[in-house]
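Those protein sequence lines, which keep their order, are chains A and B. For what it's worth, this note's numbering labels the leading residue of the first sequence as 1, then goes sequentially. For what it's worth, this note's numbering labels the leading residue of the second sequence as 114, then goes sequentially. Built from N, CA and C at the ideal position, the CB exists for glycine as well. Please read these numbers as outputs of a predicted model, since none were measured by experiment.
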Amino acid sequence: DTAVSQTPKYLVTQMGNDKSIKCEQNLGHDTMYWYKQDSKKFLKIMFSYNNKELIINETVPNRFSPKSPDKAHLNLHINSLELGDSAVYFCASSQTGGGDTQYFGPGTRLTVL
Amino acid sequence: DAKTTQPPSMDCAEGRAANLPCNHSTISGNEYVYWYRQIHSQGPQYIIHGLKNNETNEMASLIITEDRKSSTLILPHATLRDTAVYYCIVRVAVWTPGNMLTFGGGTRLMVKP
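This is the structure:
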């Protein structure tokens, strides 16, 4: 069974569209994250979400919004997509008190045309 | 998080030990040393972490100097599948608001036949 899964794996869309990326973890973890990896391969944290507490990296535009229907899911919604949003987005999860080791999903490659 | 310094790239012969260094001279007393790796086109993968004692698991060994200002990740018998970018990160081992996992540039390890 896949521990952290993301859908879709690839997403190609036009500028100005709104899109969502889904993330699910079956590890029973209580904290989930979204990361962005740009073309230069730097991984940057975007959000972390724990017990309904959302921590936002201040550099993330408010067009990005995470939504968590339950502890096992943290979806990423992106409004009014821009060319600069093209990147690979990774979801991750961890368990508080478990050394905070994070487990990552396979990534979603978003291409904005 | 304390900052780390890693060489940008290293080569290793297949079957030999790969020793990846990391400097973290400003590490605090409650900060752990974590290692992750990212194989091409995959999500980052947790390898190992430690506080001050040497650690070993099925993937690797972590050697931390007595003053904790540097560490070495050892892959005892590198294979071609170990070719990846290896990230050394120092942080407290508990999720708290603002305690984000911060990835630097890492070391690109190339295992050669």
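Item	Value
Spatial distance of residue 169 (chain B) from residue 12 (chain A) (CA atoms)	42 Å
First and last residue of the uninterrupted beta strand (DSSP E) at residue 109 (chain A)	108-112
Members of the region 12-32 of chain A that neighbour chain B once the beta carbon cut-off is set at 9 Å	30, 31
Burial state of residue 36 (chain A) (16 or more Cβ within 10 Å)	buried
Contact check, residue 219 (chain B) vs residue 199 (chain B), beta carbons under 8 Å	yes
DSSP-derived helix/strand/coil call for residue 150 (chain B)	strand
In DSSP terms, what residue 20 (chain A) is bridged to	A:77
Beta-bridge pairing of residue 162 (chain B) - partner residues as DSSP gives them	B:147
Euclidean distance between Cα positions of residue 134 (chain B) and residue 178 (chain B)	11 Å
Residue interval of the beta strand (DSSP E) (run including residue 53 (chain A))	53-56
Backbone CA spacing between residue 192 (chain B) and residue 125 (chain B) [nearest angstrom]	9 Å
Residue 205 (chain B), enclosing beta strand (DSSP E) - first and last residue	197-205
Which of helix, strand or coil DSSP assigns to residue 194 (chain B)	helix
Interface partners of residue 45 (chain A) on chain B, CB under 9 Å	213, 214, 215, 216
Pairwise C-alpha distance: residue 138 (chain B) and residue 162 (chain B)	17 Å
Minimum Cβ-Cβ distance from residue 84 (chain A) to chain B less than 8 Å	no
Near-chain B residues of the region 36-68 of chain A (beta-carbon distance less than 8 Å), N- to C-terminal order	41, 42, 43, 44, 45, 48, 50, 53, 55, 57
Residues sharing a beta bridge with residue 72 (chain A), DSSP	According to DSSP, residue 72 (chain A) bridges with nothing at all.
Chain A contact residues for residue 120 (chain B), given Cβ-Cβ distances below 9 Å	Simply none; closest approach about 16 Å.
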